[in-house]
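Enquirer: First the structure, then my questions, so here it is.
Chains as they are written, first to last, in the working numbering: chain X, 1442 to 1835; chain F, 22 to 225; chain V, 8 to 231.
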């Protein structure tokens, strides 16, 4: 461990560019303490390691190390048919399998120019926004858990998440590994009973968000621990390709639902919450506010959803062979921009299949945010990035 | 006032704590395995093979076409096609799987096999209590373990099974009408109609 | 937003000497890409980022592609002198003959970057670079000094494809461990057979594991 830290430090000193992390010199002759946080640290969201060099309590260098969950998802996908990769995408960001399905389906639809029926688009929006609500709820729950509030807030978040997962199970057959979307629509139609159940769950969500906010927002301990901690400047955030709630907490107005207007997002009225300071507290609040906006979208979509087929008539399940070409499709997943880049050579398998994982790219600036902070805050800053290792390592 | 936020939060916790005594909806956990929540119809766990009639071996719908074996993403299905043909449930001569194994330690419950099967022969089970002390052999299910009756299918997924039955009956009626027309015609018999290769669009 | 042709023209005026080629794409997505020559790539990238009209400040996706050597077989008609009997006498006659010719199209490694603009809210502009071959000349300039988001993604490409990015501040393996030798995403990568086998229905794994152990390569089973 020490080798890589020392070497990396020397390299960084040579290349002190404007987008490199600042070099923090330790005080006087203080001896640096090097700590490997993880991979079996309870607050690293899985198997993730941070090699941290400490000067007392202060972080002077931090290198993320990962790959423990690497199974070469891209290679597996290149050996499988297009359809057979769909269930594997569930396992990227396993908290939000439906948005992964959506991103992959969108990229393939771009590749072959496939249309999607109206009702399927509405179902995708409903499921995508439900996914966002439950992802943000659990992300906040985990963040508070890492602050030391073990149990209560996380369990409240999970109680609500459970209701949404029950909805997923009764529609798609599985709570987390939904495998629901197909190229040109969705696998099964939602029954009127399911839509009623969804309306009931959505009607209960604003109350839950209020309760969650009352529990946490004005808590003095939370504010003391999170405000002014782990600040991310907007220029660095853009240059480092940070996306999603992280980027918007730094005050950059960029939401792919608004920019690309993929699917039918141009039909819904919702706002994009932005942060002022780009600290951990902002990232936490942005997620709460985004959950509120998602509920607004859900209410509109559940009111307007039309009848009709959920699969396009021309869509193929077996013998799917796109013409040679390439396409990059992306969506605003709960964690940021999730993109799929596909190259077809005309065969039944993709020639190249690439996942652009938001979690991995958002980790690029982890060191920048942690430098000069206390080691106890590293866990918090890391938690506020909101990653899933299944997606980082692929 | 300092501490106001904390008091507010504690009030919220107290409300939730007391609430579970008042409202059943707030009580969200059950004591498994003594208590169980109502099964959800669409639930899927591992695949099983459907058979019609009383005899599992004679009634298997599977004709060993091996599409599912090819399409299975983690490659957990292993099929050996029979050398001879035997009559299926409706009396047509068909191949049958001499061997049909599913390694449930590899299976990821994605139900792609169900979607690609043109014969409605493989469906998703809801049985999840499959733990065994034999890590390898105990989790490799052979065709006898996998065969479950159509009645069982109706029991676990009533809506979907009814749809499948209606679709099969329709196809059978069509095939019979075609056979009758072929028999009535003076021309030599047309080869038996191929079963319509239709993707399954049921929920399972 | 400017079309790909306009972007090409803009780059060629701004960066003298930069040679740019437009790579076609038959897919309905219509995402054409610009192939950059490696020696001018950083200057072009800086132009794309800083140009007021393009303002491509956000590098979203960076990835590698492996194009191995391809053997192309084609039939060509060739004129040839052939010895033939014409009117009882042997003569040399010109004749067209079908001939199959084989030639190897050399392979290369490619990197693809997808650029967007957060300021102008447009994109994607796709840029690519190609290495000379797949074996020893696999250096390409790193774009990390221009867009920091390439940092981990280029490390991943280095790890999985073996493209060496010159100018990358911290080029180490990202996902595989440090002692690992090969590059798993290359098309000709051979999977190791020294893993601890688990019998599957197909048992290919078992057969390979047994073959490995029979060959006396001890240490099998303990994942390197």
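Even for Gly, the Cβ is constructed at its ideal location relative to N, Cα and C.
Just so you know, these numbers come straight off a predicted model, no measurement behind them.
Between the beta-carbon of residue 1750 of chain X and the beta-carbon of residue 1620 of chain X, is there less than 7 Å?
Expert: Start at 1 with the first residue of the first chain, and residue 1750 of chain X comes out as number 309. Start at 1 with the first residue of the first chain, and residue 1620 of chain X comes out as number 179. Cβ distance not < 7 Å, so residue 1750 of chain X and residue 1620 of chain X don't count as in contact.
Enquirer: If you reduce the DSSP assignment to three classes, tell me which class residue 1684 of chain X lands in.
Expert: By one-based count along the first chain, residue 1684 of chain X stands at place 243. Residue 1684 of chain X: coil per DSSP, three-state reduction.
Enquirer: Mind listing the chain X neighbours of residue 121 of chain V? Cutoff is C-beta to C-beta under 9 Å, in chain order.
Expert: By one-based count along the third chain, residue 121 of chain V stands at place 114. Per Cβ cutoff of 9 Å: 1769, 1771, 1780, 1782, 1797.
Enquirer: What distance in whole Å lies between the Cβ atoms of residue 1581 of chain X and residue 1729 of chain X, which are believed to be in contact at a cut-off of 8 Å?
Expert: For the purposes of this step, residue 1729 of chain X is identified with residue 288 of the first chain, where counting begins at 1. For the purposes of this step, residue 1581 of chain X is identified with residue 140 of the first chain, where counting begins at 1. Indeed they touch by this definition, with Cβ atoms about 7 Å apart.
Enquirer: Please return the same chain residues whose Cβ sits closer than 6 Å to the Cβ of residue 134 of chain V, not counting the five positions on each side in sequence.
Expert: The residue you call residue 134 of chain V lines up with position 127 of the third chain. Excluding sequence neighbours, residue 134 of chain V sits near 41, 43, 120.
Enquirer: In chain order, which alpha helix (DSSP H) runs of at least 4 residues are fully inside the region 17–78 of chain V?
Expert: The qualifying runs are 48–57.
Enquirer: Considering Cα atoms alone, identify which of X/1526, X/1524, X/1533 is closest to residue 1511 of chain X.
Expert: The sequence position of residue 1511 of chain X within the first chain is 70, counting from 1. The option with the nearest alpha carbon to residue 1511 of chain X is X/1533.
Enquirer: Taking just the CA atoms, how far does residue 177 of chain F sit from residue 80 of chain V?
Expert: Mapped onto the third chain, residue 80 of chain V falls at position 73. Mapped onto the second chain, residue 177 of chain F falls at position 156. Their backbone Cα atoms lie some 57 Å apart in a straight line.
Enquirer: Would you tell me roughly how many angstroms separate the C-alpha atoms of residue 38 of chain V and residue 1563 of chain X, rounded to the nearest one?
Expert: Locating residue 38 of chain V in the third chain gives position 31, where the first residue counts as 1. Locating residue 1563 of chain X in the first chain gives position 122, where the first residue counts as 1. Those two C-alpha atoms are separated by around 27 Å.
Enquirer: Looking at C-beta atoms only, is the number of pairs between the region 84–92 of chain F and the region 136–144 of chain F that lie closer than 8 Å three or more?
Expert: They touch, by the three-pair rule.
Enquirer: Opposite residue 1815 of chain X in the DSSP bridges: which residues?
Expert: As a working mapping, residue 1815 of chain X is identified with position 374 in the first chain. Residue 1815 of chain X is bridged to X/1499.
Enquirer: Beta-carbon within less than 8 Å of residue 225 of chain F's beta-carbon, same chain only, minus the 5 sequence neighbours each way: which residues are those?
Expert: As a working mapping, residue 225 of chain F is identified with position 204 in the second chain. Confidence in residue 225 of chain F is poor, its pLDDT being 40 and thus under 50, which makes the residue's placement too unreliable to answer from.
Enquirer: Is the beta carbon of residue 1574 of chain X closer than 7 Å to that of residue 1817 of chain X?
Expert: Numbered from its first residue, the first chain carries residue 1817 of chain X at position 376. Numbered from its first residue, the first chain carries residue 1574 of chain X at position 133. Against a cut-off of 7 Å, the Cβ pair of residue 1574 of chain X and residue 1817 of chain X comes out as no contact.
Enquirer: Secondary structure at residue 124 of chain F, three-state DSSP: helix, strand or coil?
Expert: Working through the second chain from its first residue, we reach residue 124 of chain F at position 103. In this structure, residue 124 of chain F counts as strand in the three-state DSSP scheme.
Enquirer: Would you say the beta carbon of residue 1830 of chain X is closer than 6 Å to some non-hydrogen atom of the ligand COA?
Expert: This structure lacks the ligand COA, and indeed carries no ligand of any kind.
Enquirer: List the residues of chain X that residue 29 of chain F touches, going by C-beta distances under 7 Å, in chain order.
Expert: Mapped onto the second chain, residue 29 of chain F falls at position 8. Going along chain X in sequence order, the residues near residue 29 of chain F (Cβ under 7 Å) are 1655, 1659.
Enquirer: Name the residue from V/96, V/128, V/57 whose alpha carbon lies nearest to the alpha carbon of residue 1700 of chain X.
Expert: Here the question's residue 1700 of chain X lines up with position 259 in the first chain. Closest by alpha carbon: V/128.
Enquirer: By how many angstroms is the C-alpha of residue 1513 of chain X removed from the C-alpha of residue 96 of chain F?
Expert: Stepping through the second chain from its first residue, residue 96 of chain F is reached at position 75. Stepping through the first chain from its first residue, residue 1513 of chain X is reached at position 72. Spanning the two alpha carbons is a distance of roughly 17 Å.
Enquirer: In the DSSP assignment, what residue or residues form a beta bridge with residue 1783 of chain X?
Expert: The residue given as residue 1783 of chain X occupies position 342 in the first chain. X/1768, X/1794, per the DSSP bridge assignment.
Enquirer: In terms of DSSP beta bridges, what is residue 1806 of chain X paired with?
Expert: Position 365 of the first chain holds residue 1806 of chain X. Partner(s): none; residue 1806 of chain X has no beta bridge.
Enquirer: How close, in whole Å, do the beta carbons of residue 1772 of chain X and residue 1544 of chain X come, if the pair is a contact with beta carbons under 8 Å?
Expert: Position 331 of the first chain, counting from 1, holds the residue named residue 1772 of chain X. Position 103 of the first chain, counting from 1, holds the residue named residue 1544 of chain X. The Cβ separation is near 5 Å, so the contact holds.
Enquirer: Got a sec? Which residues, its chain only, sit under 6 Å from residue 182 of chain V by beta carbon, not counting five neighbours each side?
Expert: Position 175 of the third chain holds residue 182 of chain V. Cβ within range, chain order: 166.
Enquirer: Using Cβ-Cβ distances below 9 Å, what residues of the region 111–131 of chain F are close to chain X?
Expert: Against chain X - using a Cβ distance shorter than 9 Å - the residues of the region 111–131 of chain F are 129, 130, 131.
Enquirer: Please decide whether residue 35 of chain V counts as near chain X, where near means a Cβ-Cβ distance under 7 Å.
Expert: For the purposes of this step, residue 35 of chain V is taken as the residue at position 28 of the third chain. Closer than 7 Å to some Cβ of chain X, the Cβ of residue 35 of chain V qualifies, so yes.
Enquirer: Note down, in chain order, each residue of its chain lying with its Cβ closer than 7 Å to the Cβ of residue 1743 of chain X, except the 5 sequence neighbours on either side.
Expert: What you label residue 1743 of chain X is simply residue 302 of the first chain in a count that begins at 1. Closer than 7 Å at the Cβ level, and outside the excluded window around residue 1743 of chain X, lie 1567, 1636, 1639, 1640, 1643.
Enquirer: Give the DSSP-derived three-state secondary structure of residue 173 of chain F in the structure shown.
Expert: Indexing the second chain from 1 puts residue 173 of chain F at position 152. Helix, per DSSP.
Enquirer: Report the residue from F/166, F/91, F/189 whose alpha carbon sits nearest the alpha carbon of residue 99 of chain F.
Expert: Here residue 99 of chain F corresponds to residue number 78 of the second chain, with the count starting at 1. Answer by Cα proximity: F/91.
Enquirer: Would residue 1595 of chain X and residue 33 of chain F qualify as a contact pair, given that the criterion is a beta-carbon distance under 7 Å?
Expert: As a first step, residue 1595 of chain X must be located in the first chain, where it is residue number 154. As a first step, residue 33 of chain F must be located in the second chain, where it is residue number 12. No.
Enquirer: Using a beta-carbon distance below 7 Å, is residue 1840 of chain X in contact with chain F?
Expert: Since the first and last residues shown for chain X are 1442 and 1835, residue 1840 of chain X lies out of range.
Enquirer: According to DSSP, simplified to helix, strand and coil, what is residue 1641 of chain X?
Expert: Mapped onto the first chain, residue 1641 of chain X falls at position 200. Helix at residue 1641 of chain X.
Enquirer: Beta-carbon within less than 6 Å of residue 1685 of chain X's beta-carbon, same chain only, minus the 5 sequence neighbours each way: which residues are those?
Expert: By one-based count along the first chain, residue 1685 of chain X stands at place 244. Closer than 6 Å at the Cβ level, and outside the excluded window around residue 1685 of chain X, lie 1776, 1777, 1799.
Enquirer: Anything in the region 59–83 of chain F with a Cβ closer than 8 Å to a Cβ of chain X? List those residues in chain order, please.
Expert: Answer set for the region 59–83 of chain F: 61, 62, 63, 64, 65.
Enquirer: Three-state secondary structure (DSSP) at residue 179 of chain V?
Expert: Mapped onto the third chain, residue 179 of chain V falls at position 172. DSSP places residue 179 of chain V in coil when its eight states are reduced to three.
Enquirer: Hey, how far is the Cα of residue 1569 of chain X from the Cα of residue 1675 of chain X?
Expert: By one-based count along the first chain, residue 1569 of chain X stands at place 128. By one-based count along the first chain, residue 1675 of chain X stands at place 234. Cα to Cα, the separation comes out at about 27 Å.
Enquirer: Just verifying my parser: in three-state terms, what is the DSSP assignment at residue 1527 of chain X?
Expert: Residue numbering aside, residue 1527 of chain X sits at position 86 when the first chain is read from its first letter. In this structure, residue 1527 of chain X counts as helix in the three-state DSSP scheme.
Enquirer: Could you check whether residue 30 of chain V and residue 71 of chain V sit closer than 7 Å to each other, using their CB atoms as the reference points?
Expert: If you number the third chain from 1, residue 71 of chain V lands on position 64. If you number the third chain from 1, residue 30 of chain V lands on position 23. No. Outside cutoff.
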